[in-house]
Structure formats: C-alpha cells, structure tokens
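Residue numbers (my numbering): 7 to 388. Just so you know, even glycine gets a beta-carbon here, dropped at the ideal spot from N, CA and C. This report refers to the structure that appears directly beneath it.
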Amino acid sequence: MWRSIASNSISILAIVLFLLAGLIMWGQRQYREAGPLEAAICLKVDRGSNMIEVSRNLEDTQAISSGALFRIGVKYAEKDNDLKAGSFLVPPASSMTDIVSIITDGGPSTCGTEIVYRIGVSKISTQVRELDPETGRFVEKMNFDPQDDVPAGYSAYHSTAGTRYRIAFAEGVTSWQVVQGLNSIDVLSGEVDGLPSEGTVAPDSYEVRSGEPRASVLSRMVAAQTEILNRAWESRAEGLPLKTPEEALILASIIEKETGVAEERGLVASVFINRLDKSIRLQTDPSVIYGLIKGQGTLGRGLRQSELKRKTDWNTYVIDGLPKTPIANPGRASIEAALNPEPSEYIFFVADGTGGHAFAKTLREHNVNVRKWREVEAAKSN
C-alpha cells in the first residue's frame, strides 16, 4: 500500500511540476510577446509612484493583459526599484518587457508636455505643447510673450513629471539677442558674463534641464558653431576669396541676413563671392544696419542716405571687402553656402516681391529688376 501511495505521490508531483513548468513558460511568453495595445499611448509616471500603480494604469489602458504577470516579471528582472518618473511614449503592441525597459532605463521623457522658448530676431515667445501619441504631432496648449502677463495654468506645467524644456534660436539672431533670450528663460539659472563674439554661437534647437546654468547652454552653442564651421571649412570649394574660417563666418552672416529663402542661399553667396573676386564693394544693407545698432534689437525703419554714406567698419557701401566682424549668428546652411556657393556670374540682386530675389549679371539687367521691384512696392502702397 505504501508503495502505491508513494508511486501516486510521485506521479502527482510530476504532474504538478509539469503544469508549473508549463505555467512558467506561458508566463514568459506572455511577458515577452507583443501586447494588446492598439494605438500608442503616453504613459505618465508621477514622482513617488510604484510598479503597482503603473501596472494598474497599464491594465486600464489595455496596454498589458495582466497586471499581476507584469509585476512578477518586473520582480524577476530585479527592476522593481528602477522606476523613473516622466512621460513615456509606449508604441502599439509593446510587450511587457518593452514597457519595463521604457520606464526603467532612465532616458529622457519621450512624450507629454514640452515647453519651447523661441528666441527670434524680432520677438521672444514661450510655447507649451503636448505630443499626441496617436499622430506623433505636437498640439499647442498656449503661446505667449514672457514679457507680458503669464497665462493662468502655466506654472502647473512646470510641476508636471516629465516636462521637457527646449530653446529654439532662430537663424540670424545676434549674440546680444541670444543673451537677452537666455536671460528671459525662467527655468535656467546663473548669469552670462558678457557677450560671445558675434557669429560664434550656433542658432539651433537645444534641450535644456530645469536649473541648468545659462553659461552652460551658451557653451554648448559655441562648441556647436565651432564644429559646424570647421567641418564646412574642410570641405570648402577651391579658389574662394576667403582666407580664414573667420572670414567665411562673416560672409555667412551676411547671407543669413540677406535672404530667408533656403533655395536662394547658394546664389546669394555666389553674388558676394563674385563681388569679392572682382573687388566690387558688397553694398549690403544688413551690414550697414549692424554698424548702426551693433545687433541690439532691430532698426525698425529704412536706411537714410546719410547712414549709407557714414563710414563704419560694417558699412560695405564705403569700405572694401568684408566688414570687420559677422553681423549675426548664421545657421549651418548659410555657412555651407558661403563655402560652397552655386556657380554663377551674378553680381546683383534685388527683392522681387514674392519673398525672394531677382538676380542679374549686368547693371542694365539689375536696373530693370529694380524698376519692377519699385512697381511692386508702389502697388502695395495703393
């Protein structure tokens, strides 16, 4: 009898172990296989949250099939204490192991709220936007001038877990405008000592941390511009009338201020290169304006004849060659255009009324283009 009982016990134990092994294998497959999520979601993890709360949230949004299995997997992977606060984009069909990696690896938030500080040539603005996980596009929540009254509810975005901060500098901003912009941003700390040399900071979009020193952001911008300029200089066209990278930066800044049409940069660059080659004065209004206001704001009016005749180190109607310094901080495209201009015989250009310019090889052609532009201006004023 005892043999029979022992034999039955062993059989039962074997069955139990077999079923347990099967259950474990099923659980592992469930943990690693594609999940039930049909559309991307933005998973918000508050500071002080835990895996139990996260698993319930995931169950409620039908991102996982079992909160208990999710917690067991997290425990088995020894990641139950690695939860990070933030807002994380969970793609469709993400497995449980994918989701665990997303919320424990410690990377930056990938969705949720983003506050963008836009530093432009003529204005500064603060934009609050949120990523729509289904479309992958940002939806604007508010947009205002930080020098005006701050909208109600703005402060709440700062306390939201995972809020990201970004500063977007427009191409063509001056160093004075960069520093003014940095000083207006409420999440940065410290002071900027003096102005960086004109042209030496890269206008681009930079992600910043709350509390990051302003000087640190500026250092990143300077390092980025140095790298852009060095790479462009190494791949420059042959035979350019530019002796140093600094001269290329000066020309790039003029190109940046002369046109906002990306497709024109190469032709605008060719006009100035041709003029330098022929020892013709550049005669560019933006450089004259810089000589008057040194990049501090905008002139806000047209140039007077007396100003066009006044000699400064930037008045290219009076001086030969390039002005003394850059007149703004050019973007990558303008730097590359200055060092690899489109081949052309143009030495003149004037606005054409469409936002672009009309180019000419001779003074006769240029005068015709000028008359057309004046007709456009006259029609607009009527």
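Non-local C-beta neighbours of Lys-367 in its own chain, meaning closer than 7 Å and more than five positions away in sequence, comprise Glu-351, Tyr-352 and Ile-353, ordered along the chain.
Cα atoms of Gly-126 and Ser-181: separation of roughly 12 Å, rounded to the nearest angstrom. DSSP places Asn-189 in the helix class (H, G or I) of the three-state scheme. In the three-state DSSP reduction, Lys-317 falls in the coil class, being neither helix nor strand. Fewer than three Cβ pairs drawn from the region 360-376 and the region 331-349 lie within less than 8 Å of each other, which leaves the two stretches out of contact.
For the region 261-323, the full-length alpha helix (DSSP H) segments reaching 4 residues or more read 271-283, 291-299 and 311-315 along the chain. Restricting attention to Asp-104, Lys-284 and Ala-334, the CA atom closest to the CA of Val-294 is found in Ala-334. Between Cys-117 and Lys-85, the alpha-carbon positions lie close to 22 Å from each other. Inter-segment contact for the region 260-276 and the region 299-314 is absent: fewer than three beta-carbon pairs are separated by less than 8 Å. An exposed status is given to Thr-141, since fewer than 16 other beta-carbon atoms sit within 10 Å of its beta-carbon. The beta carbon of Ile-256 sits closer than 6 Å to those of Leu-328 and Pro-332, all from its chain and outside the five residues before and after it, given in chain order. Segment contact: the region 218-228 against the region 197-206, three or more CB-CB distances shorter than 8 Å; contact assigned. Judged by DSSP in its simplified three-state form, Asp-52 adopts coil rather than helix or strand. Look at Thr-232 here: in three-state DSSP terms it is helix. Pro-152 carries a coil assignment under DSSP once its states are collapsed to helix, strand and coil.
Fewer than three beta-carbon pairs drawn from the region 304-312 and the region 228-243 are found closer than 8 Å, and the two stretches are therefore not classed as touching. Looking from the CA of Tyr-123, the closest CA among Leu-95, Glu-146, Leu-89 and Tyr-171 belongs to Tyr-171. Counting every other CB atom within 10 Å of its CB across the protein chains shown gives Leu-194 a total of 16 or more, marking it as buried.
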